[in-house]
Structures are given as C-alpha cells and as structure tokens.
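J.:
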Amino acid sequence: SLGRAVAGAGDGSGSGNGEGPGSGNAGGGAGGSGEGGGTPGAGAGGTPGTGVREPPARGEVPEHLAGRKAGDLAEEGRRAFDRARKGFVQNGPSEALLPDLASARELFEAALALDPENRYLEDAALDVREMEERVRAGG
27 SLGRAVAGAG DGSGSGNGEG PGSGNAGGGA GGSGEGGGTP GAGAGGTPGT GVREPPARGE
87 VPEHLAGRKA GDLAEEGRRA FDRARKGFVQ NGPSEALLPD LASARELFEA ALALDPENRY
147 LEDAALDVRE MEERVRAGG
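Counting from 1, position 93 in the sequence shown corresponds to residue 119 in the numbering used here; the numbering is continuous, with no gaps.
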C-alpha cells in the first residue's frame, strides 16, 4: 500500500524585532516547515515599537570625568559603544555588554553636559540607551 503524505502546518513561532523608535515589540519569525511536505507556517512580523526617544537628561559631569574635553569623552564613549555593538552583532543581547554600554552612556552624557548643542552626542546617548534596553529585555 502507498504511504500518504501528511500535510503539517508550520508552527510560525520564532522571534523578530519590531522596528521603530523606542523598543520594538518582538514579532514572530518564519514558520517551521510542515511535516510530510506541508507548507511552512508564516510567522507574523514585529509590530513597530511605540517608545518615544526622549533626549537624555542634561546631566552634570561625574567627578571622575571632570576636567576632560567633550571631544575626548565622546571619542572614548564611541570606542566603548563600538565594542558593545560588535559584541551585540556577534553574540546577541548578552549581559556582558552592559558594562561597555554603561560606560559609553556615561561618557556621551558627560560630553553632552559640556556641549549641550551637539546633536551627534545626543543621538549617540540615545542609541546607547536604546541598546541597553534591548540587552536588558533580552533582544
């Protein structure tokens, strides 16, 4: 007797990140392949995040960074953020990235306190905060 192919629905589970300012809501990834030639289930994409990017607080310069130039602080912050970003791309949102992110944020915010009109620094501080939130949320 001939075996009959059993159509199986793909499960459509999986993870994906919602794009958008603020933290995106996770969306379903691609569906699994169906058993016996069933069509894969389609996972829904992520819904856009609704978080609003608030400008970072105009902080004071922390004591251990006092007396340094905004440009130097920004450069050091950029290096710490680059390290964290590279780690994020290679290993995903791991807790190990938090120290670099915290120090990048502190450096950018200190630079921003010295140079409050600098849009680049404001964006950089927001990017760092956003990645910190994603790491804490596990992606």
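Beta carbons: idealized from backbone N, C-alpha and C, even for Gly. Just so it is clear, the structure is predicted and the values come from calculations on it, not from any experiment.
Beta-carbon separation of residue 110 and residue 135 under 9 Å?
T.: Not closer than 9 Å, so no.
J.: Would you give the residue range spanned by the alpha helix (DSSP H) that residue 128 belongs to?
T.: 124–140 is the span of the alpha helix (DSSP H), which, as asked, contains residue 128.
J.: Should the segment 111–127 be called in touch with the segment 83–101, which here means at least 3 C-beta pairs below 8 Å?
T.: No contact exists between the segment 111–127 and the segment 83–101.
J.: Around the Cβ of residue 68, are there at least 16 other Cβ atoms within 10 angstroms (buried) or fewer (exposed)?
T.: Low confidence applies to residue 68: its pLDDT is 47, below 50, so where it sits in the model is not reliable, and the reading given next is rough at best. Residue 68 is exposed by the Cβ-count criterion.
J.: Output needed for residue 145: all residues of its chain with C-beta closer than 8 Å, excluding positions within five of it in sequence on either side, in chain order.
T.: Nothing listed; no residue qualifies.
J.: Is it buried or exposed, residue 132, if we count other Cβ atoms within 10 angstroms and call 16 or more buried?
T.: So residue 132 ends up on the buried side.
J.: Among the residues of its own chain, which have a CB less than 8 Å from the CB of residue 126, if the five just before and after it don't count?
T.: Answer for residue 126: 106, 107, 109, 110, 113, listed in chain order.
J.: Would you tell me roughly how many angstroms separate the C-alpha atoms of residue 157 and residue 142, rounded to the nearest one?
T.: Distance between the alpha carbons of residue 157 and residue 142 is about 22 Å.
J.: Report buried or exposed for residue 130, applying the criterion of at least 16 other Cβ atoms within 10 angstroms of its Cβ.
T.: Residue 130 is buried by the Cβ-count criterion.
J.: Pull up the distance between the alpha-carbon of residue 95 and that of residue 121, whole angstroms please.
T.: Cα to Cα, residue 95 sits roughly 30 Å from residue 121.
J.: Considering Cα atoms alone, identify which of 88, 124, 140 is closest to residue 154.
T.: Measuring from the Cα of residue 154, the nearest candidate turns out to be 124.
J.: Please work out which residues of its chain come closer than 7 Å, Cβ to Cβ, to residue 87, disregarding the five sequence neighbours upstream and downstream, and give them in chain order.
T.: Only 136, 139, 140 meet the Cβ criterion.
J.: Mapping DSSP to helix, strand and coil, what is residue 112?
T.: Three-state result, residue 112: helix.
J.: Rounded to whole angstroms, what is the Cα-Cα separation between residue 162 and residue 93?
T.: Roughly 32 Å between the two C-alpha positions.
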